[in-house]
Amino acid sequence: MFLKASGLCQSHGNRMTLRDIDLEVKQREVFVIIGPTGSGKTTLLRLLGLLDRPTAGQIVVGGQEVTDSERSRLGTRRRMATVLQKPVVFNASVYANVAYGLKIRGEKRDVRHRKVATALEAVGLSGSAERNARTLSGGEIQRVALARAMVIEPELLLLDEPTANLDPVSTSTVEKLISHIIQRLDTTVIMTTHDMLQGQRLADRMGVLMAGEMLQTGDPRDVFNLPRGREIAEFVGMENMLHGVIASNDEGIAIVDIAGKVIQAVTNFGPGEQVYVCIRPEEITLTGTKDSTSARNVFPGEVARVVSFGPLARVEIDCGFPLVALITKRSADEMDMHTGSHINASFKATGVHVITR
Amino acid sequence: MSELANAFVTALKLIFTGDPEVLAIAGRTLAISLTSTLLAALMCVPLGCFIYFHSFRGKGLLISVIQTFYSLPTVFVGLIVFITLSRAGPLGGLGILFTPQAIVVGHVVLIAPLVTGLTISALGGVSPEIKDTAISLGATRFQTVRTILVEARYATLTALMVGFGRAISEVGIAIMVGGNIRGFTRTLTTAMSLETSMGNIELSMALGIILITLALVASILVNRLQRR
Amino acid sequence: MSRPPAFLSVAILLLALASLLPACRGSAGQLRLATTTSLYDTGLWEYLEPLFEDEYGIELHVLSAGTGKALELGKRGDVDAVVVHSRAREEQFVTKGYGVERVPFAYNHFLIIGPESDPANISGAGPEAAFAALMAKGETDEDIRFVSRGDDSGTHGKEKAIWASAGYDYEVVRASRSWYVESGSGMGTTLMMADEKQAYTLTDIGTYTTFESDLGLVPIVDEGDALLNVYSILVSTRATNPAAASSMVEFLTSEQTQALIGTYGVEEHGRQLFTPYAREDM
Chain V
-11 MFLKASGLCQ
-1 SHGNRMTLRD
9 IDLEVKQREV
19 FVIIGPTGSG
29 KTTLLRLLGL
39 LDRPTAGQIV
49 VGGQEVTDSE
59 RSRLGTRRRM
69 ATVLQKPVVF
79 NASVYANVAY
89 GLKIRGEKRD
99 VRHRKVATAL
109 EAVGLSGSAE
119 RNARTLSGGE
129 IQRVALARAM
139 VIEPELLLLD
149 EPTANLDPVS
159 TSTVEKLISH
169 IIQRLDTTVI
179 MTTHDMLQGQ
189 RLADRMGVLM
199 AGEMLQTGDP
209 RDVFNLPRGR
219 EIAEFVGMEN
229 MLHGVIASND
239 EGIAIVDIAG
249 KVIQAVTNFG
259 PGEQVYVCIR
269 PEEITLTGTK
279 DSTSARNVFP
289 GEVARVVSFG
299 PLARVEIDCG
309 FPLVALITKR
319 SADEMDMHTG
329 SHINASFKAT
339 GVHVITR
Chain Y
799 MSELANAFVT
809 ALKLIFTGDP
819 EVLAIAGRTL
829 AISLTSTLLA
839 ALMCVPLGCF
849 IYFHSFRGKG
859 LLISVIQTFY
869 SLPTVFVGLI
879 VFITLSRAGP
889 LGGLGILFTP
899 QAIVVGHVVL
909 IAPLVTGLTI
919 SALGGVSPEI
929 KDTAISLGAT
939 RFQTVRTILV
949 EARYATLTAL
959 MVGFGRAISE
969 VGIAIMVGGN
979 IRGFTRTLTT
989 AMSLETSMGN
999 IELSMALGII
1009 LITLALVASI
1019 LVNRLQRR
Chain L
86 MSRPPAFLSV
96 AILLLALASL
106 LPACRGSAGQ
116 LRLATTTSLY
126 DTGLWEYLEP
136 LFEDEYGIEL
146 HVLSAGTGKA
156 LELGKRGDVD
166 AVVVHSRARE
176 EQFVTKGYGV
186 ERVPFAYNHF
196 LIIGPESDPA
206 NISGAGPEAA
216 FAALMAKGET
226 DEDIRFVSRG
236 DDSGTHGKEK
246 AIWASAGYDY
256 EVVRASRSWY
266 VESGSGMGTT
276 LMMADEKQAY
286 TLTDIGTYTT
296 FESDLGLVPI
306 VDEGDALLNV
316 YSILVSTRAT
326 NPAAASSMVE
336 FLTSEQTQAL
346 IGTYGVEEHG
356 RQLFTPYARE
366 DM
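Protein chains in written order, with the numbering used here: chain V, -11 to 345; chain Y, 799 to 1026; chain L, 86 to 367.
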């Protein structure tokens, strides 16, 4: 265990922005906190980075409890580095910016020189060492911020929405850089983002923060496919959520009654349980009315709308209950999908995720 | 207009022929103003930092008062310093009334609010994220303050420049606590005042031109420093 | 921004500055003297200063201020001696214990000067009569103007004494309409103002002589007991360096200096600015 937080609470004025957060991050793990804007991610990250003090709760870093004493906090803080959302650079050269952390730690000049050169090379800014950092573009500033953090070789690296303000190309560059840094430095990383796909890409473990509460932590796949609550499900993109009641359950295979229609799902909830049936749009297969399928759940329906979604097509279907499916544009074209088309929507029982209501 | 032109010519003549009295006066003026500015900087920049970085009750009021004192009338300051340094006054024992040191004291009192207040403004002009950045990279409190001060260096230097300008161009304090003693406490401004009252308009203007030239040179030097 | 060179240059600068400013100690060989502006502006002190310093080896610092201020400085002990020209106030100064004694050493006369056209027609009159005429005609005649020092100086005191002699309450005079103006400034500035306004004014002969060539005003009234102007030196009872002050008294009253005072300005201006050998009863 590298970092353990228990019962963290934070309030701003009269509002409680963080409620009873418990968190454990293993050494060398990449832990990503996802959540919508305003959920308290930055607040939490600032607490973990020891930039702010919590109103309640405890943090233990590397076996040492973080106390109130400014001196001990400083000591622990020096083992970490935090890269803030929309980082700022000092009005000085890129070199001076990156060397900052080393300079304040009293490192000798030639050591600083060597480490800064390495860090600049890693982020691809070797040629800009003498430029005034204020003249850099947004993406370059992000890279300087990363180099600044890297250069002190922190045991814990905290990143607050590192690509939130960047265009897709820069985002990709920075993500690659982060992965590279993670590999190279072997640090523990805590990162926040509102982009759940980014979380998927980078995380070893993920935590979902919503309205100041940590609702679910675990393997990214679990969070993605087995969200534990409605808000989480919505957030991770489970667009299809249907009200229903468990009619029966035979060794894990349940029959769920959705206003007359029947869906088969894999779950442990017992009969009578009020549930949400969640299906990811990608799990739904669309076939012609005459085709056969091995899926247990097949529903004929009429296409209400087809919307292009990049290389994909988002299809809204009325099967007696609304469904949203995500298929490739190609498939949509091949089936001549349009409003009014009659098709069959099918999905496996294992593709259905049931959560309590 | 010809008076102005003649004044320029006189000014040049005084400088290039190295008129000893004028050179002495100019040198003295510069020495006094630079000393005042430096002393004010040493005292007021840290003070400004202290006020800026701490929260306390009445902070807003204090800053308002400081800003009000930007417009202290020089005669008023001169009067206060005079009665303080006078032999009849509390610090009379120091015996520094009617010496250049007294003028330095008066100038420091005059520009202290200016340098303090403008330092506070300068620090306020640094984005708050800089503080976070410094802390997040492991800076101690002192290092953080120093970093922010360095970020605010241009504006702080400007604050000193303003203080210097106010000191070198004032006459009320120099006359009241300096006494305009020939060869001892006569400065460019007090000399101008005297020459004017004696009707030597051109000489007075020439001295004024020399003063402005000194201020200009100082300003150019500061600008070069800022550009580095 | 590299830090070491910045600190170094600041340190060097401070050291240089410290050396430039002469020490304020060493009052043993220093004499501080306050004198009235009208006397200072004649340049007499500049003339006498090197002579005194050479003879006695004492550094002389002369401050120029209005009579009121000069006496105040003497009272406070901020100067060792004062040289002014206001008998009544000087005697009071001694009576009150601020000064050791009053030693007159030179005199001259005040003048009422004015425009050559003399609109009030007071040429040749006595000072009191002249002032009475100004008071009577000033209200109605636009061309008649008077500029007063208005600053409680020796000259101003003399002016007020003449008004009193002529039977006028000074406050009434002050409340007169725009023909009576108070400059609140030194003699030189007052002269220039009077020149601009082509007005009458009361001036000492020393300052007038210095400014004569720049002025379009001429002496109108130059005789009368009321115009007597006596300069005296008083040593402050709170002097830091009473010995030096005594030396100055000795210097001013010595035969040699008295003679020099008498001839001061004659060559340059063609007229005597000061008459030495002032009597004690003056």
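Cβ coordinates follow ideal geometry from the N, Cα and C atoms, glycine included.
Residue i versus the options, residue with shortest Cα-Cα distance
i                       : options                     : result
residue 1025 of chain Y : V:27, V:79, V:171, V:29     : V:79
residue 215 of chain V  : V:13, V:0, V:22             : V:22
residue 950 of chain Y  : Y:965, Y:825, Y:926, Y:970  : Y:926
residue 20 of chain V   : V:66, V:98, V:150           : V:150
residue 193 of chain L  : L:226, L:360, L:122         : L:360
residue -1 of chain V   : V:55, V:50, V:35            : V:35
residue 858 of chain Y  : Y:919, Y:840, Y:977         : Y:919
residue 976 of chain Y  : Y:944, Y:1001, Y:902        : Y:902
residue 140 of chain L  : L:280, L:337, L:352, L:282  : L:337
residue 318 of chain V  : V:96, V:66, V:296           : V:296
residue 908 of chain Y  : Y:895, Y:838, Y:889, Y:1013 : Y:838
residue 259 of chain V  : V:283, V:240, V:70          : V:240
residue 889 of chain Y  : Y:879, Y:827, Y:897         : Y:879
residue 49 of chain V   : V:-6, V:83, V:102, V:276    : V:-6
residue 247 of chain L  : L:345, L:161, L:124, L:215  : L:215
residue 88 of chain V   : V:54, V:138, V:64           : V:138
residue 251 of chain L  : L:309, L:204, L:138         : L:309
Cβ neighbours of residue i in the same chain (closer than 7 Å, five flanking residues each side left out)
i                       : result
residue 132 of chain L  : 349
residue 108 of chain L  : Low per-residue confidence applies at residue 108 of chain L: pLDDT is 47, beneath 50, and the placement is therefore not dependable, though the value from the model is reported in the following sentence. So no residue of the chain qualifies.
residue 273 of chain L  : 126, 292, 296
residue 868 of chain Y  : 911, 912, 915
residue 333 of chain V  : 272, 274, 287, 289, 305, 307, 311, 313
residue 1020 of chain Y : 955, 959
residue 365 of chain L  : 189
residue 1010 of chain Y : none
Any non-hydrogen atom of the ligand FAD within 7 Å of residue i CB
i                      : result
residue 308 of chain V : Absent from the structure shown: the ligand FAD. Ligands present: none.
For residue i, the residue or residues it bridges with in DSSP
i                      : result
residue 317 of chain L : L:169, L:189
residue 354 of chain V : Here chain V covers residues -11 to 345 and nothing more, so residue 354 of chain V does not appear.
residue 176 of chain V : V:144
residue 4 of chain V   : V:-1
residue 820 of chain Y : Residue 820 of chain Y is not bridged to any residue.
residue 261 of chain V : The partner list for residue 261 of chain V (beta bridge, DSSP) is empty, contrary to what the question assumes.
residue 144 of chain L : L:115
Cut-off 8 Å between Cβ atoms - residues of its own chain near residue i, not counting five sequence neighbours on either side
i                      : result
residue 142 of chain L : 114
residue 943 of chain Y : 847, 851
Contacts around residue i, its chain only, beta-carbon distance under 6 Å, and the 5 residues preceding and following it disregarded
i                      : result
residue 308 of chain V : 249
residue 179 of chain V : 20, 147
residue 192 of chain V : 17, 18
Proximal chain C residues relative to residue i, where beta-carbon distance stays under 7 Å
i                      : result
residue 949 of chain Y : In the displayed structure, chain C is absent; the protein chains listed are V, Y and L.
Q) Between the segment 923 to 937 of chain Y and chain V, which residues of the former have a C-beta closer than 7 Å to a C-beta of the latter? A) Taking 7 Å as the Cβ-Cβ cut-off against chain V, the residues of the segment 923 to 937 of chain Y that qualify are 925, 927, 928, 930, 931, 933, 934, 935, 936, 937.
Q: Take every Cβ of the segment 113 to 127 of chain V, pair it with every Cβ of the segment 46 to 63 of chain V, and state whether three or more of those distances are shorter than 8 Å.
A: Not touching, per the Cβ criterion.
Q. Would you call the segment 323 to 330 of chain L and the segment 164 to 183 of chain L in contact, with 3 or more CB pairs under 8 Å?
A. Taking one beta carbon from each stretch, the segment 323 to 330 of chain L and the segment 164 to 183 of chain L have 3 or more pairs nearer than 8 Å; the two touch.
Q: Check distances from the C-beta atoms of the segment 882 to 901 of chain Y to those of chain V and list, in chain order, the residues that come in under 8 Å.
A: Listed by position, the residues of the segment 882 to 901 of chain Y near chain V (Cβ gap below 8 Å) amount to none.
Q) Within the chosen definition, does the segment 930 to 941 of chain Y reach the segment 88 to 108 of chain V through at least 3 CB pairs nearer than 8 Å? A) With the cut-off at 8 Å, the segment 930 to 941 of chain Y and the segment 88 to 108 of chain V touch.
Q: Count the CB pairs spanning the segment 225 to 235 of chain V and the segment 264 to 272 of chain V that are closer than 8 Å, and state whether there are at least three.
A: Touching, yes, given that three or more Cβ pairs across the two stretches are closer than 8 Å.
Q: Name, going along the chain, the residues of the segment 61 to 78 of chain V whose beta-carbon falls closer than 9 Å to a beta-carbon of chain Y.
A: Listed by position, the residues of the segment 61 to 78 of chain V near chain Y (Cβ gap below 9 Å) are 62, 65, 66, 67, 68, 69, 70, 71, 72, 74, 75, 76, 77, 78.
Q. What residues in the segment 90 to 108 of chain V bring their beta carbon closer than 8 Å to a beta carbon of chain Y?
A. Result list: 92, 93.
Q: Can you give me, in chain order, the residues of the segment 137 to 158 of chain L that have a beta carbon less than 7 Å from any beta carbon in chain Y?
A: Listed by position, the residues of the segment 137 to 158 of chain L near chain Y (Cβ gap below 7 Å) are 146, 147, 148, 149.
Q. Listed in chain order, which residues of the segment 141 to 169 of chain V have Cβ atoms closer than 7 Å to some Cβ of chain Y?
A. Cβ proximity to chain Y below 7 Å picks out nothing from the segment 141 to 169 of chain V.
**Q.** the segment 958 to 972 of chain Y touching the segment 983 to 991 of chain Y, judged by at least three CB pairs closer than 8 Å
**A.** A contact exists between the segment 958 to 972 of chain Y and the segment 983 to 991 of chain Y.
Q) Would the segment 135 to 153 of chain L and the segment 192 to 210 of chain L be scored as touching if the rule is three or more Cβ pairs under 8 Å? A) Too few Cβ pairs lie closer than 8 Å, so no.
Q) Contact between the segment 237 to 251 of chain V and the segment 819 to 828 of chain Y: three or more CB pairs below 8 Å? A) Contact fails: fewer than three Cβ-Cβ distances are below 8 Å.
**Q.** the segment 172 to 187 of chain L contacting the segment 306 to 325 of chain L, beta-carbon criterion three pairs below 8 Å
**A.** Flag = yes, the segment 172 to 187 of chain L and the segment 306 to 325 of chain L touch.
Q: Tell me, please, whether the segment 253 to 267 of chain V touches the segment 232 to 240 of chain V by the rule of three or more beta-carbon pairs shorter than 8 Å.
A: By the C-beta criterion, the segment 253 to 267 of chain V is judged to be in contact with the segment 232 to 240 of chain V, since at least 3 inter-stretch pairs fall below 8 Å.
Q. Just by C-beta distance, which residues in the segment 23 to 46 of chain V are closer than 9 Å to chain Y?
A. Under the 9 Å Cβ criterion, the segment 23 to 46 of chain V contributes 34, 37, 38, 39.
**Q.** Touch test, the segment 275 to 294 of chain L against the segment 224 to 233 of chain L, Cβ-Cβ under 8 Å, three pairs minimum
**A.** Yes, since at least three Cβ pairs between the segment 275 to 294 of chain L and the segment 224 to 233 of chain L fall closer than 8 Å, the two stretches touch.
Q. Between the segment 237 to 244 of chain L and the segment 200 to 210 of chain L, do at least 3 Cβ pairs fall closer than 8 Å?
A. Judged by Cβ distances under 8 Å, the segment 237 to 244 of chain L makes no contact with the segment 200 to 210 of chain L, as fewer than three pairs qualify.
Q. What residues from the segment 979 to 991 of chain Y come within 9 Å of chain L, judged by C-beta to C-beta, listed N to C?
A. Taken in chain order, the members of the segment 979 to 991 of chain Y whose beta-carbon sits within less than 9 Å of a beta-carbon on chain L are 979, 980, 981, 982, 983.
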